[in-house]
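Number of protein chains: 2
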Amino acid sequence: MATDRDTVLEAAVGVLSRRPTAHMDEIARAAGISRATLHRLFPGRDALIREVGLLGLQRFAAALDTADTGAGDAEAALRRLVDASVPDAMLCAFLAGENQLYEHDDINDLWEVQIARLHALFLRGQQEGVFRIELSAAWLSEAFFDLVAGIGWSIQDGRLAPREAAFSLAELFLGGALRRPDARTPHPPAHSTPDRKPETDTP
Amino acid sequence: MATDRDTVLEAAVGVLSRRPTAHMDEIARAAGISRATLHRLFPGRDALIREVGLLGLQRFAAALDTADTGAGDAEAALRRLVDASVPDAMLCAFLAGENQLYEHDDINDLWEVQIARLHALFLRGQQEGVFRIELSAAWLSEAFFDLVAGIGWSIQDGRLAPREAAFSLAELFLGGALRRPDARTPHPPAHSTPDRKPETDTP
DNA sequence: CAATTCTGAGACATGACTGTCTCATTTGGC
DNA sequence: GCCAAATGAGACAGTCATGTCTCAGAATTG
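Protein sequence lines, in the order shown, are assigned to chains A and B.
Counted the way the numbering used here counts, the first sequence spans residues 1 to 203.
Counted the way the numbering used here counts, the second sequence spans residues 1 to 203.
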């Protein structure tokens, strides 16, 4: 029985991350409360969805703060970000699946701020020679967030043990994102070779 | 103006992959036809969604067929799968975001068959020493599909050039999934070290 | 123990989307 | 140019979820 707003939000995430179109009935039952009480806590469905999205973005922003992505080695910063964001992976899964949120301008702005922070981290890592420059920072940002969401879905469905989550995410993503100090790309790309030039953001 | 069923389905994917709750009106407008004609082509919304999902699964199954994932080097097989599945990345994005599909048993079965084929490819690669065994084949399967979906979203939103898609996916994913022939893991995992034992499926 | 507050269950009206229909218009074939 | 088929626009009822209300019962507080 969860009468707290935050507790209800947590329960709502559990339902909405898998079924974004869940009715108020389902959300209320998932939280162990009645539909009436749910409406007493949140003005309506829109407000509830919006608050869940806001919670997710705030948690992800807090993870970026905790990881202190602007300091030190870019690889170490990303590892800190992995550890900080995996506990809220389910919220990220909700954010990835709920594209209806982007109708609200404030949510959209907050989202873009966090993506910009991710982008900046990858750009810095590329300029420092830590991350590969053949992959655009935008793609690295997108892929990282998608994998965090994938972690959330996998854990929720019982396909991934929570203890393995951070390790699995860090090893898979960093393996593909880090420049190899010794070995070059295992095979030269046979398809289209994007001759990407190292980007700069601070002119 | 798209009067063909397949053309309408393609247009529907474009809308539904981003807004899974789009109304019939929006889908019809996206296809350039009226709501009446849309209803003449498909019995109802459920049938339309179901056919889009079926199309996505059939395309992904066809990609697995084309790639011939059971033959030859596992890495080469995965590279073939990347090339074969990237053109249908938007459909995979739809599949990843539309969890409501899994109420239909036939769709669910077809889905699990394809995931099993992916899983088998990664398991084989692990047994042949091509893919890392510290990451479970289940996680590799999930991550691969999530990244294909991410490719689809990125292309649709104009954040990734279609020409770079296959390269970006293959390099990022294979970099994290392949065993490094010479260099070991850049940093020994400081967090929890899952002492995974190499799995077997054919006893 | 009594009073207050909060919750759950249900009823109710509202609104939105869906599915079906009709009819005028257009398209395409002959 | 005529006829047939198909399309678009709109109207219509049905359905479902939402949001609000009331009331009885439970929990908490004094």
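We put the CB at the ideal spot given by N, CA and C, even for glycine.
Neighbour list for residue i in chain A, Cβ cutoff strictly below 7 Å
{"i": "B/PHE173", "result": "GLY176"}
Contact list for residue i against chain A, beta-carbon separation under 9 Å
{"i": "B/GLN100", "result": "ARG19, PRO20, THR21"}
{"i": "B/LEU123", "result": "Result: empty, since nearest Cβ-Cβ is about 15 Å, beyond 9 Å."}
Local Cβ density within 10 Å of residue i, reported as buried at 16 or more and exposed below that
{"i": "B/SER34", "result": "exposed"}
{"i": "B/VAL204", "result": "The question about residue 204 of chain B has no answer here: the residues shown for chain B are numbered 1 through 203."}
{"i": "B/THR193", "result": "In this prediction, B/THR193 has a pLDDT of 45, which is less than 50 and means its spatial position is unreliable; what the coordinates show is noted afterwards. Classification of B/THR193: exposed, given that the 10 Å Cβ count is below 16."}
{"i": "A/LEU9", "result": "buried"}
{"i": "A/VAL130", "result": "buried"}
{"i": "A/PRO181", "result": "exposed"}
{"i": "B/GLU128", "result": "exposed"}
{"i": "A/GLY152", "result": "buried"}
{"i": "A/ALA11", "result": "buried"}
{"i": "A/GLU103", "result": "exposed"}
{"i": "B/HIS119", "result": "buried"}
{"i": "A/ALA165", "result": "buried"}
{"i": "A/THR66", "result": "exposed"}
Where residue i meets chain B, residues with beta-carbon distance less than 8 Å
{"i": "A/GLU142", "result": "GLY150, TRP153, SER154, ARG159, LEU160"}
{"i": "A/LEU38", "result": "Simply none; closest approach about 20 Å."}
{"i": "A/ASP46", "result": "In chain order: nothing, as chain B lies at least about 13 Å away."}
Opposing strand residues paired with residue i [DSSP bridges]
{"i": "B/PHE122", "result": "Its beta-bridge partners do not exist; DSSP assigns none."}
{"i": "A/ALA178", "result": "The displayed chain sequence assigns Leu, not Ala, to residue 178 of chain A. DSSP lists A/PHE131 as partners of A/LEU178."}
Partners in chain A for residue i, counting only beta-carbon separations shorter than 8 Å
{"i": "B/ALA138", "result": "SER154, ARG159, LEU160"}
{"i": "B/LEU118", "result": "The contacting residues do not exist; B/LEU118 stays about 13 Å from chain A at best."}
Cross-chain neighbours of residue i in chain B, by beta carbon under 7 Å
{"i": "A/GLY97", "result": "GLY97"}
{"i": "A/ASP6", "result": "What A/ASP6 touches in chain B: nothing, since even the nearest Cβ is about 25 Å away."}
Within chain B, partners of residue i - CB distance below 9 Å
{"i": "A/GLU134", "result": "PHE167, SER168, GLU171"}
Handout entry: beta strand (DSSP E) segments (min. 3 residues) lying fully within the segment 57-92 of chain A
Key = Runs found: none.
Problem - beta strand (DSSP E) segments (min. 3 residues) lying fully within the segment 22-56 of chain B - result: Correct list: empty.
Practice task
Would you be able to state if there are at least three C-beta pairs under 8 Å between the segment 134-148 of chain A and the segment 165-182 of chain A?
Solution key: yes
Exercise for the section: Give a yes or no on contact between the segment 103-115 of chain B and the segment 26-42 of chain A, applying the rule of three or more CB pairs nearer than 8 Å. Expected result: no
Problem - Meets three-Cβ-pair contact criterion under 8 Å: the segment 61-73 of chain A and the segment 113-123 of chain A - result: Taking 8 Å as the limit for Cβ pairs, the verdict is that the segment 113-123 of chain A does touch the segment 61-73 of chain A.
Handout entry: At least 3 beta-carbon pairs within less than 8 Å: the segment 67-85 of chain A vs the segment 33-47 of chain A
Key = No, they do not touch.
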